[in-house]
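Trainee: All residue numbers in the sequence shown are consecutive under the numbering used here, ending with 221.
The beta-carbon is built from N, C-alpha and C at its ideal position, and this holds for glycine as well.
Let me begin by handing over the structure; questions about it come next.
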Amino acid sequence: MKAIIFDLDNTLLDRTNTFKAFAEGFVARYFCHSNSQDEIVRLIIELDEDGYKDRRILFRELLERLPWLDKPEHDELMGSYSTAYITKSVLMEQALNVIRRARAKYKTALITNGRNEIQYGKIDRLGIRDEFDFILVSEEAGCKKPDRRIFETALNKLRLRPEQCIYVGDHPVNDIEGALNAGMGAIWIRANQPWPDGLTARPLYAFDRISEMMDLLGEE
């Protein structure tokens, strides 16, 4: 093995708590009049679908379903998301230690689906941009996981063969099946995405949290 490539959301970034903090701030700003703020936060989290719903659709649904006093424009909500969400970014417990222990032994990279502005914004907020030999966001790549082309782009940048790389991610299809189809090994971080029935792809390891990789990586 020569390289470990990481996913971002729900692997290194604690997206559950990041989005919850964003939703709480959103509700405090727009629904200070409401006595049901906790219920509104829960609805926003439910509609978000763990980040897999298009942001434009999400905010259209929020405009339709939430108890607004003064309903803002859709563009206003999209703009506030791009800034406020990034500021709430937090790492998973021990994620930075895992990256650095991996980097002491192997090349490291990051592949993430999403928009450049949001993903690089989160990466910079977390202070981890310099922890990787390179970072690839799907918007700039022109394709997204599980498309094998995005993994092949990473291999070309690393100048390595697929069997020399392991990909670490939380999504069974986008991350695990995608990496395996590209010829890599894979480690599954069991976050919010259940393993689908009928999916035959199998990771090398499955952990409940990224911190469990510390023992696997051994001493520096």
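At the level of alpha carbons, what is the spacing between Asp-148 and Asn-36?
Mentor: Going from the Cα of Asp-148 to the Cα of Asn-36 covers about 45 Å.
Trainee: When you compare only the Cα positions, how much space is there between Val-99 and Trp-69?
Mentor: Cα to Cα, the separation comes out at about 43 Å.
Trainee: Quick check on DSSP: helix, strand or coil for Leu-205?
Mentor: It is coil, neither helix nor strand.
Trainee: Restricting to Cα atoms, I'd like to know which of Ala-183, Glu-50, His-172 is closest to Leu-200.
Mentor: Leu-200 has its Cα closest to that of His-172, out of Ala-183, Glu-50, His-172.
Trainee: Check Thr-113 in the structure and name its three-state DSSP category.
Mentor: Strand, per DSSP.
Trainee: Just the Cα atoms here: how many angstroms apart are Pro-204 and Arg-56?
Mentor: Near 30 Å, if we compare the C-alpha coordinates of Arg-56 and Pro-204.
Trainee: Label Arg-102 either buried or exposed according to how many other C-beta atoms from any shown protein chain fall within 10 Å of its C-beta, with 16 as the threshold for buried.
Mentor: Buried, since its Cβ has 16 or more Cβ neighbours within 10 Å.
Trainee: If you measure between the beta carbons of Val-91 and Thr-12, is that distance less than 7 Å?
Mentor: Their beta carbons are not under 7 Å apart, which means Val-91 does not touch Thr-12 by this criterion.
Trainee: Does DSSP put Lys-108 in a helix, in a strand, or in coil?
Mentor: Lys-108: strand per DSSP, three-state reduction.
Trainee: Measure the CB-CB distance between Ser-212 and Glu-40 and report whether it falls below 7 Å.
Mentor: Contact flag unset, no.
Trainee: Closest by CA to Asn-157, which one among Gly-170, Phe-135, Asp-176?
Mentor: For Asn-157, the nearest C-alpha among the options comes from Phe-135.
Trainee: Let's see if you can read the secondary structure: which residues bound the beta strand (DSSP E) around Ala-4?
Mentor: Per DSSP, Ala-4 belongs to the beta strand (DSSP E) from 4-7.
Trainee: Between which two residues does the beta strand (DSSP E) containing Ala-187 stretch?
Mentor: Note, Ala-187: beta strand (DSSP E), 186-190.
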